[in-house]
Amino acid sequence: MTPHHRVPDDQDEPALLRDQFRQLLRYRSLLACGVAVGLLGGGYLALGGEDAYTATGEVLVRSAISDPFAAGSTADKGINIGSERQTAVSDTVGTLAAGTLLNAGDDVTARELLTGLQVTNPPNTLTLRFSYTAPAPEQARARAEALAGAYLAHRKARTLESIQNMSDGYRAQLGPLEEKRDLLEDQIEAGAEGDVSSARANIIVSISELSRKISELKALDTTPGYLNKKPVAPTSPTGPGLPLLLGLGGVVGLALGLLLSWVRLVFDPAVRSTRELVHSLGAPLLGTLPRERAAAGSLLAIGRAGSRLAEEYRAVAFRLAYDPSFAESRRLLVTAPRGDSTAAAAAAANLAAAFAEMGRGVLLVEADLRTPHLARDLGSATHGTRPPRWAAGEGDGSWPTGGRTHVDVPGSGAFALIPGTTVDNVPRALTSPPVGRIVAEADRPGNVVIVLAPPVLSYADAVALVDRVEGVMIVCDPREVHRSDLERIREIIGASGGSVLGALLHPGRGRLRRARRRAKPARRRGGGGGPAATRSDAPENTGDPTETLGLRTFTLPAARR
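Below, the structure written as structure tokens:
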């Protein structure tokens, strides 16, 4: 029974957050651009903006009181500090302050004056803090002091006006009472009775009460408040300063970079994580090839001492060997989604070498008949042999009956290679009976057949082989393959009767190397498509006896008839 690969739980929030963070870090250029823009903006604000100076004065607000030294008397009676703050920024105070400043030579309108004023109230206090910001230190000090003085003057004038109004009201009540008192005195002198004397006494009491109130109003302390902190000219500009603005700019730039990275991530069609690759392809991840500098002219990593790439290929080969789906058929189709098949060719050759190292009889078939290059890339490790026994006397020597090539892997074993050649009709060649007999060699115990096909989404060659080679391995670059491509590959292979055994990821190449790889097929096509061109691509025998010294002869048994 085939074991199901485990797809990470979508509800694993820590894993999802880690994946998303790693995906955002893929776009380091956007993050760097965001931070750079933030730093430039912070530096511009710090160095390019005009200097501003702020002067601050504090006013303690108090209400009018008759005896400030009496026990229990308070100066905050009837004060609404919120209303006082609104009064401090009113046009009336601004007009008074503008008049004071005009006398001092500072011609400014009330509206312009109030634009630089900020009045605040510290919690649980009766203090109003007047902060004024201006381009010059002395101007900020003078205007803050003028506004604070104008507020105190306005408040005192308002208090005196209230006292005057109350006094006038008391005097208005006092006049009729005095007239009535004089009338009653005239009646008493005329010999009136005692009732008149009693009424006169009551009126005198009322007159005394009103006179006492008027006297108390005149005796009130009408001081509106105190300027506890006199504004002084600031010695340095206000503002966060260059270091703080650079820090804030960096933080804002990083946030901008993360936002741009997130937008780029949302609209990026490429595979963003291993989770998405497994989900889109419907198959497990067989391995991830490390980035390693290859030896000059060598395609095989198997056989190089201390190669991490070789160990990864061995791990993939062991995983396939114990996979029930592959162990049943021992056939593997290696292909890429799009582009060139260089990485797929390297994977096919190294997996063949890894299986040979495990003691299997391996046949590698290059079914890329459009741009064959595997024999040339293998270099001096290939050596020609005679055609297989079953093909003797059959066919005209064209692919795949033209012969096999012996590939020796030093210290690991050997495998047979049927190199690809250019043909006139690729679909007919891939579906010919000789191809079926070659693939059927995997039915013999201990044999493995690996078929290298062109990119599955570029040509239909790989699809034509799926009915004979059921197991498919996709070799791709995670930064270039799209999720839609993987889903389409899964659908195509499934509809053709095959199954995707897994994906093998390889590190991406630089732009220059990709351009060179794309240019090579064009040069090969330009050299002609006949057998002569195929023979020119074959490895050249230099005649050096050391090249064949110690090589073992390796030929797979013929297919069953």
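Heads up, the sequence shown is in the working numbering, so the first residue is 8 and it goes up one at a time.
C-beta atoms are modelled at their ideal positions from N, C-alpha and C, and glycine is treated no differently.
Bear in mind that the values here come from a model prediction, so they are computed numbers and not experimental data.
Query	Result
Assuming residue 256 is part of the beta strand (DSSP E), what are its boundary residues?	That residue, residue 256, is in no beta strand (DSSP E); its alpha helix (DSSP H) goes 248-273.
Indicate whether residue 217 and residue 207 have their beta-carbon atoms separated by less than 7 Å.	no
Taking all protein chains shown into account, decide if residue 111 is buried (16 or more other Cβ within 10 angstroms of its Cβ) or exposed.	exposed
Pull the bridge partners of residue 216 from the DSSP assignment, please.	None; residue 216 has no bridge partner.
Need the endpoints of the beta strand (DSSP E) that residue 295 sits in, please.	292-295
Got a sec? Which residues, its chain only, sit under 8 Å from residue 37 by beta carbon, not counting five neighbours each side?	264, 267, 268, 271
Can you pull the DSSP bridge partners for residue 128?	Its beta-bridge partners do not exist; DSSP assigns none.
Write down the C-beta distance between residue 292 and residue 285 rounded to the nearest angstrom, noting that I regard them as a contact closer than 8 Å.	6 Å
For residue 375, is the classification buried or exposed, using 16 other Cβ atoms within 10 angstroms of its Cβ as the cut-off for buried?	buried
Between which two residues does the beta strand (DSSP E) harbouring residue 412 extend?	412-416
Are residue 415 and residue 423 touching if we call contact CB-CB under 7 Å?	no
The alpha helix (DSSP H) spanning residue 163 covers which residue range?	144-196
When DSSP labels each residue in this structure, what does residue 438 get in the three-state scheme?	coil
Secondary structure at residue 489, three-state DSSP: helix, strand or coil?	strand
Are three or more beta carbon pairs between the segment 41-57 and the segment 226-236 nearer than 8 Å?	no
Ignore the nearest five residues each way along the sequence and tell me which others in residue 210's own chain have a CB closer than 6 Å to its CB.	184, 187, 188
Quick check on residue 428: buried or exposed, where buried means 16 or more other Cβ atoms within 10 Å of its Cβ?	buried
Drop a sphere of 10 angstroms on the beta-carbon of residue 298, count the other beta-carbons inside from all chains shown, and report buried for 16 or more, exposed for fewer.	exposed
Counting only runs of 4+ residues fully inside the segment 59-122, write out the alpha helix (DSSP H) ranges in chain order.	88-95, 98-110, 117-122
Which residues in the same chain have their Cβ closer than 6 Å to the Cβ of residue 158, if we skip the five residues on either side of it in sequence?	95, 100
Residues bridged to residue 134 by DSSP?	67
How is residue 320 classed by DSSP in three states: helix, strand or coil?	helix
Determine the closest residue to residue 169 out of 195, 225, 484, with distance taken between C-alpha atoms.	225
Taking C-alpha atoms, which residue in 22, 372, 353, 318 lies nearest to residue 384?	353
Can you look up residue 281 in the DSSP assignment and give me helix, strand or coil?	helix
Going by beta-carbon coordinates alone, are residue 454 and residue 366 separated by less than 7 Å?	no
For the beta strand (DSSP E) holding residue 454, just list the boundary residues, first then last.	454-459
Of the residues 482, 138, 382, 503, which one's Cα is nearest the Cα of residue 510?	482
Between residue 115 and residue 108, how many whole angstroms is the CB-CB distance? I'm expecting something under 8 Å.	6 Å
What is the DSSP secondary structure of residue 225, counted as helix, strand or coil?	helix
Does the segment 57-67 come within contact of the segment 128-141, defined as at least 3 CB pairs closer than 8 Å?	yes
Please classify residue 530 as buried or exposed, where buried requires at least 16 neighbouring CB atoms within 10 angstroms.	Low local confidence applies: a pLDDT of 43 at residue 530 is under 50, so the model's placement there is unreliable, with the coordinate-based value given in what follows. It counts as exposed.
Taking its Cβ as the centre, do 16 or more other Cβ atoms sit within 10 Å of residue 507, making it buried, or is it exposed?	buried
Does DSSP put residue 498 in a helix, in a strand, or in coil?	helix
So, does the segment 339-346 touch the segment 466-484, judging by three or more C-beta pairs under 8 Å?	yes
If you draw a straight line from the C-alpha of residue 504 to the C-alpha of residue 473, how long is it?	7 Å
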